[in-house]
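Visitor: The sequence shown begins at 0 in numbering that gives the first Met the number 0 and counts up one residue at a time.
Quick reminder that beta carbons are idealized off the backbone N, C-alpha and C, glycines included.
Handing you a structure now.
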Amino acid sequence: MALDTWLAFFLASWIISLSPGAGAIASMSSGLQYGFLRGYWNAIGLQLGLAMQIAVVAGGLGAILAASSTAFYAIKWFGVAYLVYLAIKQWRALPLDMANDAAVRPVGKPMAMMFRGFLVNASNPKALVFMLAVLPQFVNPQAPLLVQYLIIGATMISVDMIVMAGYTGLASKVLRLLRTPTQQKRVNRTFAGLFVGAAGFLASLHRATA
């Protein structure tokens, strides 16, 4: 991959990762509930979902899924249902009394949080279609494809890990300012609303037709 092509993709990766979406909401939600170190397992799961999408595009399966109305809508409605499930879970999250300095955050199970993050990215068919349209523009068909897609994957995942670390860390710091259960409940319900909003946006998407 030529240096100027990689630099263009590097810039595009930052723009894509910084754009608010379900992944950013999930990262902030995890940071708020579990703190940075525990909450970042969710971000690792997001990267596994992203890696899967890149592999699907690189393997040529992305074009098949993009052309299949049944596959597109099956993944889409699974994603909508999962985001609504996360909204309900966030709404019901129990607040902590942070006025008590001995209070501890709930301990999230790493594997469960990784799986949660993985599903958030893996269940977004529009992201797959988007990558199918964007990634090939940075690939030289005359050069070895595997190496190029490995570079693309490593670049995109590295950038997204940094961005999601920022979202997770910012939210984990905010929790220290929430001293009462009432304040925390309001924030939990705000995130629940954001998950519902992300689900509504995903539900409104339609498969592009030629």
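(1) Between PHE35 and GLY168, is the Cβ-Cβ spacing less than 9 Å?
(2) Determine contact between the segment 70 to 82 and the segment 135 to 144, defined as no fewer than three beta-carbon pairs at a distance below 8 Å.
(3) Can you give the Cα-Cα distance for ALA197 and SER122, rounded to whole angstroms?
(4) Helix, strand or coil: which one does DSSP assign to ASN123?
(5) Whole angstroms is fine: what's the gap from TRP40's alpha carbon to ASP3's?
(6) For ARG91, count neighbouring C-beta atoms within 10 Å of its own C-beta (all shown protein chains included) and say buried if the count is 16 or more, exposed if not.
(7) My output table needs one value for MET27: the three-state DSSP class, helix, strand or coil.
(8) Using the three-state DSSP reduction, which class does ARG37 fall into: helix, strand or coil?
(9) In this structure, does DSSP put LYS108 in helix, strand or coil?
(10) Near MET163, what residues of its chain come up, given a Cβ to Cβ distance below 7 Å and the 5 sequence neighbours on each side ignored?
(11) Which residue comes first and which comes last in the alpha helix (DSSP H) that contains GLY78?
(12) Could you have a look at GLN141 and say whether DSSP puts it in helix, strand or coil?
(13) Do you know offhand how far PHE137's Cα is from LYS88's?
(14) What three-state label does DSSP hand ALA101 in the structure shown?
(15) Ignore the nearest five residues each way along the sequence and tell me which others in ARG51's own chain have a CB closer than 7 Å to its CB.
(16) Which one of ILE14, TRP76 and GLN147 has the shortest CA to CA distance from ALA54?
(17) In the DSSP assignment, find the alpha helix (DSSP H) that holds ALA7 and state where it starts and stops.
(18) Quick check: what's the CA-CA separation for ALA11 versus TYR84?
(19) Here's a check: name, in chain order, each residue in its chain whose Cβ is nearer than 7 Å to the Cβ of ILE151, leaving out the five neighbours to either side.
(20) Buried or exposed, going by whether 16 or more other CB atoms sit within 10 Å of the CB of MET110?
(21) Out of LEU176, GLY20 and LEU118, which has the shortest C-alpha to C-alpha gap to LEU47?
Guide: Working from what's here:
(1) yes
(2) no
(3) 12 Å
(4) ASN123: coil per DSSP, three-state reduction.
(5) 33 Å
(6) exposed
(7) helix
(8) helix
(9) In the three-state reduction of the DSSP assignment, LYS108 falls in the coil class.
(10) GLY22, SER26, ALA42 and LEU45
(11) 68 to 90
(12) coil
(13) 39 Å
(14) Because ALA101 sits at a pLDDT of 43, beneath the cut-off of 50, its placement in the model cannot be relied upon, and the point is left open.
(15) Note on residue identity: the sequence assigns Met, not Arg, to residue 51. Excluding positions up to five away in sequence, the list reads ALA121.
(16) GLN147
(17) ALA7 -> alpha helix (DSSP H) spans 2 to 17.
(18) 31 Å
(19) Within the same chain, ILE151 has close Cβ partners PHE8, ILE53, LEU134 and PHE137.
(20) exposed
(21) LEU118
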